[in-house]
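Chemist: Keeping their order, the protein sequence lines are chains V and Y. If you read the first sequence in the working numbering, its first letter stands for residue 235, the second for the next number, and so on. If you read the second sequence in the working numbering, its first letter stands for residue 12, the second for the next number, and so on. Even glycine gets a Cβ: it sits at the ideal position worked out from N, Cα and C. Take this structure, written in structure tokens, and hold onto it; I'll ask about it next.
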Amino acid sequence: GAGVSQTPSNKVTEKGKYVELRCDPISGHTALYWYRQSLGQGPEFLIYFQGTGAADDSGLPNDRFFAVRPEGSVSTLKIQRTERGDSAMYLCASSSLTRKNTGELFFGEGSRLTVL
Amino acid sequence: AQRVTQPEKLLSVFKGAPVELKCNYSYSGSPELFWYVQYSRQRLQLLLRHISRESIKGFTADLNKGETSFHLKKPFAQEEDSAMYYCALRGMDSNYQLIWGAGTKLIIKP
């Protein structure tokens, strides 16, 4: 596709439920990032993939959060036993090997998660 | 600790007036600084990087290491500049992780 695609664009769930958020990066981009953005805040780093492996998952807030990228392209962010505090916009971004070093990230439109 | 501070949550100026969006950072080494912009109903995108020392859409930003600032400036604001602006920092020892400010909403009044 032309840009980073994220689905769903909106997700409303109940406390305690399991949620999956999907990111389809720009074709050929090896680097993929997940961010969380709360209202009035900048993006907060969650996890970074280089290819299939998670190069840095230090931003994941706790073990309820997990992300995979099994084939080095599409990534899924998984949240177990959701809590109301998980409500936020979840942003995905990708970068090519050369662009990674320039700091330019290409963002998706985000998935807005609301936990009731 | 690494930190990016954008002291203004909201900045409102008239069309044609100069604009300055403030960004201060805290970092012990040599950082790279960026400005990202998000227009209404659009995705977040890179506006400019301090390394390239370029002017994009009339905006410039100079890295001032003495004042640890990277303010974004434009001499004559246009209505289409209305957007959310984020300052971000990347340490030289990190080739992937950006530290973000909270953002400044810029409104250009006609």
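Along the stretch 271 to 286 of chain V, where does the CB come closer than 7 Å to a CB of chain Y? Name the residues.
Modeler: Taking 7 Å as the Cβ-Cβ cut-off against chain Y, the residues of the stretch 271 to 286 of chain V that qualify are 274, 275, 276, 277, 279 and 282.
Chemist: Please identify the residue among V:240, V:302, V:262 and V:325 whose C-alpha is closest to the C-alpha of residue 288 (chain V).
Modeler: For the purposes of this step, residue 288 (chain V) is taken as residue 54 along the first sequence, with counting starting at 1. Residue V:302 is the option with its Cα nearest to residue 288 (chain V).
Chemist: Does the beta carbon of residue 341 (chain V) come closer than 7 Å to any beta carbon on chain Y?
Modeler: Translated into positions along the first sequence, residue 341 (chain V) becomes position 107. True, the Cβ-Cβ gap to chain Y drops below 7 Å.
Chemist: Of the residues that make up the stretch 56 to 73 of chain Y, which ones have a beta carbon closer than 9 Å to any beta carbon in chain V?
Modeler: Contact residues of the stretch 56 to 73 of chain Y toward chain V are 56, 57, 60, 62 and 63 (C-beta to C-beta distance below 9 Å).
Chemist: Run through DSSP, which three-state label would residue 303 (chain V) get?
Modeler: Against the first sequence, residue 303 (chain V) aligns to sequence position 69. Three-state result, residue 303 (chain V): coil.
Chemist: What do you reckon, are the CB atoms on residue 79 (chain Y) and residue 36 (chain Y) nearer than 7 Å?
Modeler: In the second sequence, the residue the question calls residue 79 (chain Y) occupies position 68. In the second sequence, the residue the question calls residue 36 (chain Y) occupies position 25. With respect to residue 36 (chain Y), residue 79 (chain Y) sits close: the two C-beta atoms are nearer than 7 Å.
Chemist: Taking 8 Å as the cut-off, does the stretch 108 to 119 of chain Y touch the stretch 23 to 42 of chain Y (at least 3 CB pairs, one atom from each stretch)?
Modeler: Proximity of the stretch 23 to 42 of chain Y to the stretch 108 to 119 of chain Y meets the contact definition, three or more beta-carbon pairs being nearer than 8 Å.
Chemist: Please state if the CB of residue 260 (chain V) and the CB of residue 328 (chain V) are separated by a distance shorter than 7 Å.
Modeler: Along the first sequence, one-based indexing puts residue 328 (chain V) at 94. Along the first sequence, one-based indexing puts residue 260 (chain V) at 26. Contact: yes.
Chemist: By DSSP, does residue 346 (chain V) sit in helix, in strand, or in coil?
Modeler: Mapped onto the first sequence, residue 346 (chain V) falls at position 112. Three-state DSSP puts residue 346 (chain V) in a strand.
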